[in-house]
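The next block holds one structure in the form of structure tokens; read it before the comments.
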Amino acid sequence: MFFIYFITAICATTLGSLAGLGGGVIIKPILDALGDYNLSTVGVLSSITVFSMAFIATIKQFKSGFKINLSIVTLAIGSILGGGIGKKAFDIFLTLFDNESYGKGIQAIILTILLVLVLLKNSLPKYKIINISVVFLVGLLLGGIASFLGIGGGPINVAILVTLFAFSTKNAAISSIFIILLSQFSKLFLIYIDSGFSNYNLQMLPVMVIGGILGGFIGAKLNHYLSNEYIEKIFNISIVCIILINMFNIYKAFN
């Protein structure tokens, strides 16, 4: 069992740091499919693993010469606040269902719809938003969605950066990881000051964090060497696979 969680973490976070997926968008559906933990615990396992990956990957990208601009900083600040809002919304969401599987199913439906839109990112009109207030609101929305779904928000970040801010997929992937780092820190900090982590079953956390750290190293290294075209292909193939996993989780939740 430990091996399954380690492999899930390292594969998800390698793809996450390479293509900007974050990793949570892969980890959460897989953990939901395994069915060993409740929604809250899955969210915490995913967030801590993704945070460990993003921390390592961001350090490596800065050492490789990555620079942040005002738009990325503003998005990140918005995502920090959005992460807090999304966490509170998730807490309210949990109280709405007697059967938690329905909650998993609804999350999977929302995520599937968003991922289909992400796949269409290159077909959508392109913009280059520079208004700081609008950039902040976009960051707020990204952080809120990511925290509510427990996914880190990577593919959604990449799609938004490509369509609204004229980033290449490769640069969007790197910037997405930085945004994920801050939004997941916000979510985890709120959990710490609100209820702490003692209410969660974190038995698998050590092996997942180790996988996340290794994934951060490997993915950031590959991102530096691979072309934008290769990263685009890896990104799209990964999204299709995640959509299929979510469709299985939707079927499982309502049957």
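Under this note's numbering, the letters of the sequence shown match residues 102 to 356, in that order.
Positions of the beta carbon are idealized from the N, C-alpha and C atoms, including for glycine.
In the structure shown, what three-state DSSP assignment does residue i receive?
i	result
residue 229	strand
residue 164	helix
residue 102	coil
residue 122	coil
residue 298	coil
residue 221	coil
residue 304	coil
residue 213	helix
residue 199	coil
residue 267	coil
residue 172	helix
residue 183	helix
residue 328	coil
residue 192	helix
Using CA coordinates, which residue listed in the options is at the minimum distance from residue i?
i	options	result
residue 354	203, 167, 275	203
residue 106	121, 147, 139	147
residue 285	267, 109, 180	180
residue 251	184, 135, 104, 314	184
residue 299	314, 150, 141	141
residue 281	156, 102, 104, 128	156
residue 275	336, 195, 103	336
residue 225	262, 123, 244, 103	262
residue 205	172, 167, 136	136
residue 108	121, 120, 128	128
residue 199	304, 352, 295, 139	139
residue 327	120, 113, 112	120
residue 352	338, 193, 207	207
residue 171	232, 323, 334	232
residue 192	304, 144, 321, 227	144
For residue i, count the other beta carbons within 10 Å of its own beta carbon; 16 or more makes it buried, fewer makes it exposed. Which is it?
i	result
residue 301	buried
residue 133	buried
residue 115	buried
residue 163	exposed
residue 310	buried
residue 408	Because residue 408 is not part of the residues shown, which for the chain are 102 to 356, the question remains open.
residue 217	exposed
residue 161	buried
residue 196	exposed
residue 222	buried
residue 229	exposed
residue 267	exposed
residue 319	buried
residue 283	buried
residue 234	exposed
Are the Cβ atoms of residue i and residue j separated by less than 7 angstroms?
i	j	result
residue 332	residue 271	yes
residue 257	residue 215	yes
residue 248	residue 329	no
residue 150	residue 110	yes
residue 236	residue 176	yes
residue 245	residue 186	yes
residue 325	residue 118	no
residue 361	residue 209	Any question about residue 361 goes unanswered here, given that the chain covers just 102 to 356.
residue 243	residue 347	no
residue 188	residue 306	no
residue 103	residue 308	yes
Return the Cβ separation of residue i and residue j in integer angstroms, given the expectation that the two are a contact with Cβ distance under 8 angstroms.
i	j	result
residue 255	residue 174	That pair is no contact at about 18 angstroms.
residue 130	residue 343	6 angstroms
residue 219	residue 273	Incorrect: roughly 11 angstroms between the Cβ atoms, too far for contact.
residue 297	residue 154	Not a contact, Cβ separation roughly 23 angstroms.
residue 178	residue 240	6 angstroms
Hey, is residue i close to the ligand MN, as in C-beta under 6 angstroms from one of its heavy atoms?
i	result
residue 276	Absence of the ligand MN from the depicted structure is noted, as is the absence of any ligand whatsoever, leaving it without description.
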